[in-house]
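J.: Take this structure, written in structure tokens, and hold onto it; I'll ask about it next.
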Amino acid sequence: MSRVIVVASGKGGTGKSTVAASLGVAFAGRNRRVLLIDCDSGMRGLDIMLGVSKSLVFDIADAVSGNCKTEHIIYPCSHTNGLYLIPAPQKAEDELSPEVLWQFIESVESQYDIIIIDSPAGVGKGFETAVYPAQTCIVVANAEPTSVRGCVNVRRRLTELGKEDIRLVINRLSKRGFFKMNFYADLDEIIDETQIRLIGVVPESTQVVAAIQKGIACTEECKALAAFRRIAGRIEGENLPLAVC
Ligand SMILES: Nc1ncnc2c1ncn2[C@@H]1O[C@H](COP(=O)(O)OP(=O)(O)O)[C@@H](O)[C@H]1O
Ligand SMILES: [Mg+2]
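Here the working numbering is used: the first residue of the sequence shown is 53, the next is one more, and so on.
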């Protein structure tokens with residue numbers, strides 16, 4: 053059985069898709085077969101990040117409605133072996149129900165070690181669909197009060213839905229910005245407020261974003277890449293240190 057991970061956050065723009073794509077690359081680097089499912093209907097972006105936007109024809113709504121076969125919606129990432137993408141529907145109204153996504157995942161999961169679902173922001177219908185099949189929930193926060201509050205709402209809803217494995221990623225951390233803005237004294241304050249166990253800290257990184265937004269591999273070794281590798285290892289139970297910025 054594969055491990056199904058959802059990446060969620062209360063606020064938009066915290067870096068969910070960047071984290072989902074980068075974790076996909078990190079797991080593939082650990083020789084896992086990885087399927088990324090974009091559930092941000094109407095706002096999809098993982099096809100750009102995985103370098104498949106030009107070849108994209110069908111999406112997950114086409115497969116479940118019988119417009120095409122399942123094999124036609126699984127796109128191999130152009131820059132990373134072992135990483136595959138299922139694009140989100142182009143139109144928000146084609147969003148799947150939680151049960152349909154669950155059934156779809158059951159039909160493909162034997163072919164993958166890891167399935168990562170990229171959720172839309174907030175705790176609306178799209179979120180309910182994205183989190184339904186997941187065992188592990190990664191909640192992405194930035195070190196800002198509105199983002200942290202969003203994560204509190206997400207954690208509450210995930211707990212109501214019976215999710216137990218909920219972990220926090222603090223993304224886009226810049227040491228200088230953190231102390232200059234002075235929203236929090238330290239990261240523990242964010243962890244206490246969200247009441248979510250921390251699994252990793254990803255620094256602000258122009259290298260990762262420059263590559264990811266062009267749909268190419270980030271070949272420049274940097275702290276953010278190392279952070280994603282550590283988070284992947286920690287999700288698989290390895291005793292690795294948290295990222296240090
Ligand atoms: N670690 C990071 N360092 C710098 N910029 C980042 C980082 N993570 C995400 N970003 C930027 O933040 C913005 C939102 O990221 P995205 O992954 O699209 O967020 P979401 O999916 O939560 O809406 C993008 O401009 C992206 O390039
Ligand atoms: Mg996104």
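Positions of the beta carbon are idealized from the N, C-alpha and C atoms, including for glycine.
Quantities reported herein were computed from a predicted structural model and do not represent experimental measurements.
Only counting runs of 3 or more residues, tell me where the beta strand (DSSP E) segments fall wholly within the segment 221-255, in order along the chain.
T.: Correct list: 249-255.
J.: Can you tell me which of W154, D114, E151 and Q163 puts its alpha carbon nearest to the alpha carbon of P141?
T.: Residue D114 is the option with its Cα nearest to P141.
J.: Ligand 2 heavy atoms versus the CB of D170: any closer than 8 Å?
T.: D170 Cβ: within cutoff of ligand 2.
J.: Would you say the beta carbon of D244 comes nearer than 8 Å to a heavy atom of ligand 2?
T.: D244: no, Cβ never under 8 Å from ligand 2.
J.: Please confirm whether any heavy atom of ligand 2 lies closer than 8 Å to the CB of K68.
T.: K68 Cβ: within cutoff of ligand 2.
J.: Report all residues from its chain with a CB closer than 6 Å to the CB of A78; omit the five preceding and five following residues, and keep chain order.
T.: Once the five neighbours on either side are set aside, the close Cβ partners of A78 are F280, R281 and A284.
J.: Using only alpha-carbon positions, find the residue among Q163, G289, I168 and E151 that is nearest to P139.
T.: Among Q163, G289, I168 and E151, the Cα nearest to that of P139 belongs to I168.
J.: Going by beta-carbon coordinates alone, are L239 and R219 separated by less than 9 Å?
T.: Contact: no.
J.: Looking only at its own chain, which residues have a Cβ that is under 6 Å from the Cβ of I268, when we skip the five neighbours before and after it?
T.: Closer than 6 Å at the Cβ level, and outside the excluded window around I268, lie H131.
J.: Taking its Cβ as the centre, do 16 or more other Cβ atoms sit within 10 Å of E147, making it buried, or is it exposed?
T.: Counting Cβ neighbours within 10 Å, E147 comes out buried, since at least 16 surround it.
J.: Would you kindly report the start and end of the unbroken alpha helix (DSSP H) that includes R207?
T.: Taken as a continuous stretch (DSSP letters only), the alpha helix (DSSP H) holding R207 covers P197 to E212.
J.: Excluding the five sequence neighbours on either side, which residues of its own chain have a C-beta within less than 8 Å of the C-beta of S105, listed in chain order?
T.: Contacts found: D99 and G267.
J.: Determine the DSSP secondary structure at D90, reduced to helix, strand or coil.
T.: Note: D90 maps to strand in three-state DSSP.
J.: For C203, is the classification buried or exposed, using 16 other Cβ atoms within 10 angstroms of its Cβ as the cut-off for buried?
T.: Answer is buried; the Cβ neighbour count reaches 16.
J.: When the Cβ atoms of the segment 176-187 are set against those of the segment 67-77, are three or more pairs found closer than 8 Å?
T.: Segments in contact, no.
J.: Would you decide whether A262 is buried or exposed? Buried here means 16 or more other CB atoms lie within 10 Å of its CB.
T.: With fewer than 16 other Cβ atoms within 10 Å, it is exposed.
J.: Please classify I269: does DSSP put it in a helix, a strand, or coil?
T.: Note on residue identity: the sequence assigns Ala, not Ile, to residue 269. Looking at A269 - three-state DSSP - the assignment turns out to be coil, as it is neither helix nor strand.
J.: I'd like to know whether the C-beta atoms of G174 and K63 end up nearer to each other than 9 Å.
T.: Result yes, Cβ atoms of G174 and K63 sit closer than 9 Å.
J.: If we require 3 or more residues per run, which beta strand (DSSP E) segments fall completely within the segment 139-186?
T.: Within the segment 139-186, the complete beta strand (DSSP E) runs of at least 3 residues are 166-170.
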